[in-house]
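Here is the structure we will look at.
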Amino acid sequence: MDKILYAELKKIYSEDILFEKEDLYPYAYDTSPNRNVLILPKFVVFPTNSQQVSQTILICKKYNVPVVARAAGTCHCGGCRVKKPAVILHFSKMNKILSINKEDLIAKVQPNVVIKKINDEVEKLGLFFPPDPSNLTVSTIGGAVALSSGGPRTFKYGTTKDYIINLEVVLADGKIIKTGTDIAKDVTGYNLTSLFVGSEGTLGIITEITIKLIPKPQSRKVTLAYFDDLIEATAAVNNIINSGFIPATLDLLDKNTLETIEKFNPCGLLCTKEAALLIELDGFEENLNYECKKLFEILKKSNAAKIVQAQNEEENEQIWRSRRSAFAAVTKLKPNVITEDVVVPRSKIVPLVKGIQKICSEYNITVCIMGHAGDGNIHPNFALDLSNEKERKDFEILKDKLFALALKLGGSLSGEHGIGDEKKKYLKDALDIGALEYMEKIKALFDPKNIINPDKIF
Ligand SMILES: Cc1cc2nc3c(=O)[nH]c(=O)nc-3n(C[C@H](O)[C@H](O)[C@H](O)COP(=O)(O)OP(=O)(O)OC[C@H]3O[C@@H](n4cnc5c(N)ncnc54)[C@H](O)[C@@H]3O)c2cc1C
1 MDKILYAELK
11 KIYSEDILFE
21 KEDLYPYAYD
31 TSPNRNVLIL
41 PKFVVFPTNS
51 QQVSQTILIC
61 KKYNVPVVAR
71 AAGTCHCGGC
81 RVKKPAVILH
91 FSKMNKILSI
101 NKEDLIAKVQ
111 PNVVIKKIND
121 EVEKLGLFFP
131 PDPSNLTVST
141 IGGAVALSSG
151 GPRTFKYGTT
161 KDYIINLEVV
171 LADGKIIKTG
181 TDIAKDVTGY
191 NLTSLFVGSE
201 GTLGIITEIT
211 IKLIPKPQSR
221 KVTLAYFDDL
231 IEATAAVNNI
241 INSGFIPATL
251 DLLDKNTLET
261 IEKFNPCGLL
271 CTKEAALLIE
281 LDGFEENLNY
291 ECKKLFEILK
301 KSNAAKIVQA
311 QNEEENEQIW
321 RSRRSAFAAV
331 TKLKPNVITE
341 DVVVPRSKIV
351 PLVKGIQKIC
361 SEYNITVCIM
371 GHAGDGNIHP
381 NFALDLSNEK
391 ERKDFEILKD
401 KLFALALKLG
411 GSLSGEHGIG
421 DEKKKYLKDA
431 LDIGALEYME
441 KIKALFDPKN
451 IINPDKIF
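Numbering of the sequence shown is given in this note's numbering, commencing with residue 1 and proceeding in unit increments.
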């Protein structure tokens with residue numbers, strides 16, 4: 001059967017098809033640990049247009065072979081790993097910005113455009129695309145749409161879902177549809193666009209995206225505030241918000257994270273403090289000078305032990321570079337890093353963080369905790385050696401306890417990374433049973449033969 005499948009795909013893709021075992025390995029992973037036996041895709045194909053995607057889906061449907069879309073592969077939840085030998089649609093040849101319309105504040109892009117590239121291009125016109133998965137120099141708009149990725153700017157600007165107004169999607173029956181119109185405000189019919197955003201590539205394959213843009217803030221100022229106590233740091237978050245501020249970023253870094261960044265990427269972080277807040281304010285320069293003064297006063301009143309305010313764009317970037325290097329720094333502690341993404345009401349950040357620290361010390365597992373404190377979205381980065389049988393088993397128990405804790409605190413499993421393969425066993429505990437039933441029905445309606453990224457989410 002593979003020979004027939006190959007022959008059919010070859011007709012569409014000519015040389016743009018991979019089938020040798022050694023060529024397939026890079027497409028079998030994402031950034032989640034592959035604890036099971038590695039499953040390789042059957043073929044990787046590189047479409048250049050939506051018609052090719054449609055033809056591929058129809059061929060896969062005929063032979064009952066799964067199809068999985070893949071972009072940069074930075075997903076943390078096993079979303080683009082294959083569960084059965086499948087055909088991978090890799091979008092590296094669909095990586096163009098098709099148009100930018102300054103007057104209508106929209107742009108049309110292909111799925112594999114890297115997010116930073118979108119921002120670099122729209123900034124030339126004084127525009128801004130706020131979604132920023134912290135790895136924006138690598139991750140793509142297609143992946144961000146499929147996961148409704150968030151990131152540090154979510155508190156003020158929202159997540160990817162707030163900036164997607166129309167999608168071209170290829171469905172499991174090969175049909176190519178537009179989910180909406182290219183108008184930012186439109187309630188004509190059901191909001192199919194929002195159904196596909198965050199669907200983790202399980203309902204259809206996204207081949208074109210219309211994004212909403214906003215005017216670029218004139219300036220930004222970044223502040224790092226250190227605290228001797230985690231409770232004071234989170235109280236400061238509330239004090240900042242209650243004083244009328246809407247910072248672009250309100251990120252929290254714990255002591256372990258500060259130490260680990262400083263160990264592997266020395267950049268002058270203060271490692272003796274229990275926690276730090278990274279606060280970015282953006283807007284008009286004149287307003288920012290006033291707001292920064294006010295912010296300083298609030299942080300002082302909130303018992304900040306030390307406050308560092310960047311004086312220029314270079315210093316802003318320096319602070320951001322250290323924050324963005326956190327994940328890479330943790331990878332140097334042990335062979336594996338698992339990043340979780342629990343989210344709780346902001347008032348529950350302290351019990352969540354203290355709870356994670358307690359569980360980790362019970363199992364002697366190193367954890368570096370950071371997160372988007374403004375949204376209650378916390379990323380514990382667990383440093384592990386999964387080849388160590390005990391550590392692997394302990395981590396499975398720890399994970400059960402982590403999700404149980406987040407749910408007990410009124411939270412949820414994932415604020416921005418998605419469910420994929422890694423969190424599906426917890427889904428029934430996190431969702432209303434009736435809602436879950438309808439989600440499964442939606443999947444069955446769009447993909448009755450279960451060939452589009454099967455065995456994910458549910
Ligand atoms: C260091 C680091 C930091 C990160 N920080 C953040 C963060 O702050 N916030 C955040 O939200 N995430 C973060 N992530 C997670 C991840 O990077 C993002 O979710 C990212 O947006 C995924 O993009 P990608 O291009 O790598 O997609 P991939 O990993 O390739 O794919 C992700 C999912 O999208 C599906 N998909 C891809 N393309 C399509 C398509 N065309 N049609 C349909 N489905 C498709 C795939 O099947 C898969 O399920 C981080 C990851 C790393 C490694």
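Using N, Cα and C, we set each Cβ at its ideal position, and we do this for glycine too.
To the nearest angstrom, how far is the alpha carbon of L250 from that of I457? 29 Å
Compare the C-alpha of G73 against each of F43, E315 and G142 and name the closest. G142
Compare the C-beta of I176 with all C-beta atoms of chain C and state if any pair is closer than 9 Å. The structure shown has no chain C; it contains just one protein chain.
Does the region 131-141 touch the region 65-83, meaning 3 or more C-beta pairs lie closer than 8 Å? yes
Report yes if the C-beta of C80 is less than 8 Å from at least one heavy atom of ligand 1; otherwise report no. yes
Does at least one heavy atom of ligand 1 sit under 8 Å from the Cβ of I206? yes
For the candidate residues K212, E208 and T193, whose alpha-carbon lies nearest to that of A184? K212
What does the alpha-carbon distance come out to for the pair E208 and P111? 6 Å
Look at the alpha carbon of V113 and the alpha carbon of I97, and state the distance between them as a whole number of angstroms. 7 Å
What residue range is occupied by the uninterrupted beta strand (DSSP E) comprising G283? A275 to G283
Hey, would you say the C-beta of T140 is under 8 Å away from at least one heavy atom of ligand 1? yes
Expected contact under 8 Å - CB spacing of T179 and L192 to nearest Å: 4 Å
Between the alpha carbons of K424 and E103, how many angstroms are there, rounded? 43 Å
Where G143 falls: helix, strand or coil (DSSP): helix
Could you give the residue range of the alpha helix (DSSP H) that holds K116? I115 to E123
Please state whether the Cβ-Cβ distance between K334 and A383 is less than 9 Å. yes
Proximity below 9 Å, CB of V45 to CB of D16: yes
Going along the chain, which unbroken runs of the beta strand (DSSP E) with 3 or more residues stay wholly within the region 38-114? 43-45, 67-70, 87-90, 97-101 and 106-109
Using only the alpha-carbon positions, how far apart do R392 and C360 sit? 13 Å
Backbone CA spacing between V460 and I118 [nearest angstrom]: There is simply no residue 460 to check, as the chain begins at 1 and stops at 458 in what is shown.
Give the C-beta separation of I369 and P380 to the nearest angstrom, bearing in mind that I take them to be a contact with Cβ-Cβ under 8 Å. 5 Å
Pull up the CB-CB distance for K221 and L288, whole angstroms please, since I reckon it's below 8 Å. 5 Å
Ligand 1 and A469: does any heavy atom of the ligand fall closer than 8 Å to the residue's C-beta? The chain is shown only over 1 to 458; residue 469 falls outside these bounds and no answer can be derived.
Quick check: the Cα distance between G283 and N453, rounded to an integer number of angstroms? 41 Å
The alpha helix (DSSP H) spanning D400 covers which residue range? E389 to K408
Alpha carbon to alpha carbon, what distance is there between G204 and V53? 10 Å
Touch check for the region 292-308 and the region 335-346: three-plus C-beta pairs under 8 Å? no
When D2, G78, Y25 and C75 are compared against K62, the one with the closest alpha-carbon: D2
Taking a contact to mean a Cβ-Cβ separation below 9 Å, would you say R323 touches S134 in this structure? yes
Could you have a look at P380 and say whether DSSP puts it in helix, strand or coil? strand
At what residues does the beta strand (DSSP E) containing R220 begin and finish? S219 to F227
Is the beta carbon of A404 sitting closer than 9 Å to the one on S412? no
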